[in-house]
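All the letters of the sequence shown, read from the start, carry residue numbers 37 to 152 under the working numbering. C-beta atoms are modelled at their ideal positions from N, C-alpha and C, and glycine is treated no differently.
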Amino acid sequence: MKRPRIYTLPFSSIYPLYIEKAEKKGRTKEEVDEIIFWLTGYDEHTLQQQIVKETDVEAFFKEAPCMNPNAILIKGVICGYRVEEIEDELMRQIRYLDKLIDELAKGKAMQKILRA
């Protein structure tokens with residue numbers, strides 16, 4: 037079976053799109069980063085390292101220091117799929133991040149986005 041193209045894209049090419057989406061709706065890069073840190077366990081330094089190395093999306097998630105155990109609380113539809121029903125773990129993790137950025141852009145409070 038052919039791997040989805042998203043797996044091979046550099047995370048550095050997707051990251052600015054997340055920021056752009058958030059900023060268009062009055063949110064900030066810092067909020068995008070906070071979501072990424074919460075979901076993946078990266079911090080500012082390690083996230084920058086991944087961006088500079090142009091790590092692909094697959095490696096970005098596989099090398100994540102610690103996926104947040106509360107990520108399973110992320111539910112809903114993104115790109116036409118219910119995130120909680122996606123069987124492929126990597127694709128589910130990618131869609132978790134998409135869903136969180138979507139919630140940020142829709143004006144949801146950070147406390148709710150981070151499932152606090």
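According to DSSP, what are the bridge partners of residue i?
{"i": "Ile114", "result": "Tyr117"}
{"i": "Asp92", "result": "Pro46"}
Taking all protein chains shown into account, decide if residue i is buried (16 or more other Cβ within 10 angstroms of its Cβ) or exposed.
{"i": "Ile108", "result": "exposed"}
{"i": "Arg131", "result": "buried"}
{"i": "Val119", "result": "buried"}
{"i": "Asp124", "result": "exposed"}
{"i": "Tyr117", "result": "exposed"}
On a Cα-Cα basis, can you pick out the residue from the options that is closest to residue i?
{"i": "Ala152", "options": "Ser49, Ile110, Glu90", "result": "Ile110"}
{"i": "Leu136", "options": "Trp74, Gln84, Leu126", "result": "Trp74"}
{"i": "Ala145", "options": "Ala95, Thr64, Lys89", "result": "Thr64"}
{"i": "Ile87", "options": "Ile50, Glu121, Thr76, Cys115", "result": "Ile50"}
{"i": "Gln84", "options": "Phe97, Ser48, Glu67", "result": "Ser48"}
Less than 8 Å separating the beta-carbons of residue i and residue j?
{"i": "Val93", "j": "Ile42", "result": "yes"}
{"i": "Ile71", "j": "Leu126", "result": "no"}
{"i": "Pro101", "j": "Tyr78", "result": "yes"}
{"i": "Pro46", "j": "Glu90", "result": "yes"}
{"i": "Glu59", "j": "Asp69", "result": "no"}
At a threshold of 7 Å, does residue i count as lining the ligand ZN (C-beta to nearest heavy atom)?
{"i": "Gly62", "result": "Among the ligands in the structure shown, none appear at all, so the ligand ZN cannot be discussed."}
Notebook entry, point to check: Unbroken alpha helix (DSSP H) runs of length 4 or more, entirely within the region 63-92: which are they?
Noted result: Segments of the alpha helix (DSSP H) lying fully in the region 63-92: 65-76, 80-88.
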